[in-house]
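Peer 1: This is the structure, below, for whatever I ask next.
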Amino acid sequence: MLKVVTWNVNSVRARSARLDAFLARHQPDLVCLQETKVLDDQFPAPAVEGYRYWSHGQAGRNGVALVSRHELADVQRGFPGDPSPDSARVISASLGDVRVIGIYVVNGQSVGSAEYELKLQWLDALGRWVREAHSPVEPLLVAGDFNIAPTDDDIYDPAAWEGQNLASGPERERLGSLLRWGLTDLMRLHHQGPGPYTFWDYRAGAFHRGWGLRIDLALATQPLASRSTAVEVERDERKPTFGEGKPSDHAPLILTFE
DNA sequence: ATGTCACTTTACAAGTGA
């Protein structure tokens, strides 16, 4: 059995106690973290016995990392062709025969903004790299915060979000091209929509009101997707009353493979 | 849409990004 997690922690230092408790509780093989918001030499080492980390961070924003209780091979930070190479958004590594790419997609701010144009260019570049460097017949996992709700089933109020950033056609089309190449949205192998959601804005009491989005995704090629036995959102981690300290605005996604 | 959070700076609040 293989257990892999993706979690946008919104600062790994602020979430260190929760991350340790999560590791102790679930004993995942590998965790992909996003928005670590920390330089590599200031990354808080996991306190749980057996876990190591590989960080690709920067000060204050972005940042991705892999936390694993196994040795990882061929750890690669960033990717060739990144139009925004100073932003730390991608870390990839091999765990046994599985290649894992942990990603934090450009947020995009609002449709028509410069950030949104960068998001589309970034997604194009990511797609080119994935297609060039990998094959759909090899076991590949692309997991992380995509900042894209794939369909209206992934949004609490699709009408309010129609055409907006996170839900717009052009970004969904970029995601679609990855799926057509040979990646499967693992959540939908096990759960039909609407929901579950993985992100609730801190503002406006969004979590309490059920205003969620599914923007944290795990995509796998067929050799790996065929081994997928469960995909679950650890919704408790979004609760202010759960665990130690404040929650991230994202809940972890737990992937189980046979 | 916006009832928050975490970061940074030269800090003892305000701006930024999400």
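Numbered according to our numbering, the first sequence spans residues 164 to 421.
Glycine included, each C-beta is placed from N, C-alpha and C at the ideal position.
(1) Given a cut-off of 8 Å, decide if residue 299 and residue 261 are closer than it, judged by their beta-carbon atoms.
(2) Can you tell me whether residue 332 is buried or exposed, with buried defined as 16 or more other CB within 10 angstroms of its CB?
(3) Would you list the residues sitting across from residue 419 in a DSSP beta bridge?
(4) Which residue wins for smallest C-alpha separation from residue 371, given the options 399, 344, 350, 387?
(5) Do residue 267 and residue 308 have their C-beta atoms closer together than 8 Å?
(6) For residue 338 and residue 283, I'd like the C-alpha separation in whole angstroms.
(7) Look at the Cβ atom of residue 193, then the Cβ atom of residue 231, and state whether they are nearer than 8 Å.
(8) For residue 227, which of helix, strand or coil comes out of DSSP?
(9) Taking only runs of the beta strand (DSSP E) that begin and end inside the segment 240-302, which ones reach a length of at least 3 residues, in chain order?
(10) How far does the beta strand (DSSP E) with residue 215 in it extend, from its first residue to its last?
(11) List the endpoints of the continuous beta strand (DSSP E) containing residue 197.
(12) Does DSSP classify residue 375 as helix, strand or coil?
(13) Between which two residues does the alpha helix (DSSP H) containing residue 336 stretch?
(14) Apart from the five residues just before and just after residue 348, which ones in its own chain have a Cβ nearer than 8 Å to its Cβ?
(15) Of all the options 251, 362, 238, 353, which has the alpha carbon lying nearest to the alpha carbon of residue 418?
(16) Tell me where the alpha helix (DSSP H) around residue 385 begins and ends.
Peer 2: Let me spell this out:
(1) no
(2) exposed
(3) Paired residue(s): 166, 393.
(4) Ranked by Cα distance from residue 371, the first of 399, 344, 350, 387 is 399.
(5) yes
(6) When the Cα atoms are used, residue 338 and residue 283 turn out to be separated by approximately 10 Å.
(7) yes
(8) Under the three-state reduction of DSSP output, residue 227 falls in the strand class.
(9) 253-258, 261-267
(10) 215-219
(11) DSSP places residue 197 inside the beta strand (DSSP E), whose first and last residues are 193-197.
(12) Reduced to three states, the DSSP call for residue 375 is strand.
(13) 332-344
(14) 313, 342, 380, 381, 382
(15) 353
(16) Counted as a single uninterrupted DSSP element, the alpha helix (DSSP H) harbouring residue 385 occupies residues 385-388.
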